[in-house]
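Numbering (this note's numbering), first residue to last: 122 to 298.
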C-alpha cells in the first residue's frame with residue numbers, strides 16, 4: 122500500500138481504520154462498504170467470469186451454509202448473510218453483506234478459501250505484498266480489536282473503502298442534509 126487518503130482536516134476514525142485494515146489484509150476484496158443505518162458490512166469481489174444461474178445458486182448456498190456453520194461454532198446468531206451477483210460487461214461483482222454485530226474476520230478468510238477453491242483464476246485482486254505470518258497475526262488482532270470498538274461506538278456515516286493501484290481510498294457516502 123502506498124498511502125491512505127482522507128479529507129484534509131477530517132479526523133481518521135476507527136471505522137476508517139477498520140476499512141483500511143481489512144482492505145490491506147485481504148487484497149481479494151475490491152471494495153468494502155460500512156452502512157451504519159443497517160449496521161452492516163458489504164464486501165465486494167470482482168471476477169472476470171460470467172456466473173451461470175446454477176453457479177450463482179450453488180456459490181450462494183455454499184457461502185451461506187459455511188458462514189452459518191462458522192457462526193454456530195462461534196456461538197453467534199447472524200442477523201444478515203446476503204450474497205448478491207451483478208454483471209457488467211466482462212466482469213461479475215459478488216457482494217457479501219454481513220451484520221456488524223456478529224461478523225468475524227474468520228468469516229472473510231473462509232469466504233476467500235471458498236473463492237480460491239472454486240474460482241482461483243477468475244478473481245481480480247491486487248498483488249499481494251508477501252506479508253509475513255507474524256504480521257498477518259498482528260493485523261488479525263488489530264482488526265478484531267477495531268471491530269469490538271466499532272460495535273461499542275457505532276459509526277455515524279456510511280463509508281466506502283476502495284482498493285486501487287496499491288492504495289486504499291475512503292469515501293464518505295452519506296449525503297449531507
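Yeah, the Cβ is synthetic: ideal placement off N, Cα and C, and Gly gets one too. If you're wondering where the values come from, they're calculated on a predicted model, not measured in any experiment.
Beta-carbon within less than 6 Å of residue 207's beta-carbon, same chain only, minus the 5 sequence neighbours each way: which residues are those? Excluding positions up to five away in sequence, the list reads 214.
If we count the other Cβ atoms within 10 Å of its Cβ and call it buried at 16 or more, is residue 102 buried or exposed? Any question about residue 102 goes unanswered here, given that the chain covers just 122 to 298.
What is the C-beta distance between residue 161 and residue 235, in whole angstroms, given that I count them as a contact (C-beta under 8 Å)? With a Cβ gap of about 20 Å, residue 161 and residue 235 do not count as contacting.
Need the endpoints of the alpha helix (DSSP H) that residue 180 sits in, please. 174-195
Out of 223, 287, 279 and 292, which has the shortest C-alpha to C-alpha gap to residue 273? 223
Whose CA, out of 150, 270, 178 and 202, lies closest to the CA of residue 248? 150
Beta-carbon contacts of residue 344 that lie in its chain and below 7 Å, excluding the five residues immediately before and after: The structure shown does not extend to residue 344, since the chain is modelled only from 122 to 298, so the question has no answer here.
Enumerate in chain order the residues of its own chain whose CB-to-CB distance from residue 140 is below 7 Å, with the five nearest sequence positions on each side excluded. 153, 155, 280, 282 and 291
Spatial neighbours of residue 260 in its chain, beta-carbon cut-off 6 Å, leaving aside the 5 residues before and after: 146
Taking the CB atoms as reference points, tell me whether residue 239 and residue 183 lie closer together than 9 Å. yes
Give every residue of the same chain whose Cβ lies closer than 7 Å to the Cβ of residue 246, excluding the five residues on either side of it in the sequence, and list them in chain order. 148 and 149
Under the rule that 16 or more other beta-carbon atoms within 10 Å means buried, what is residue 199, buried or exposed? buried
Pick from 191, 262, 193 and 166 that is closest to residue 284, judged by C-alpha positions: 166
Please name the residue, chosen from 205, 254 and 164, that lies closest to residue 179 on a Cα-to-Cα basis. 205
What do you get for residue 241, buried or exposed, if any count of 16 or more other CB atoms within 10 angstroms of its CB means buried? exposed
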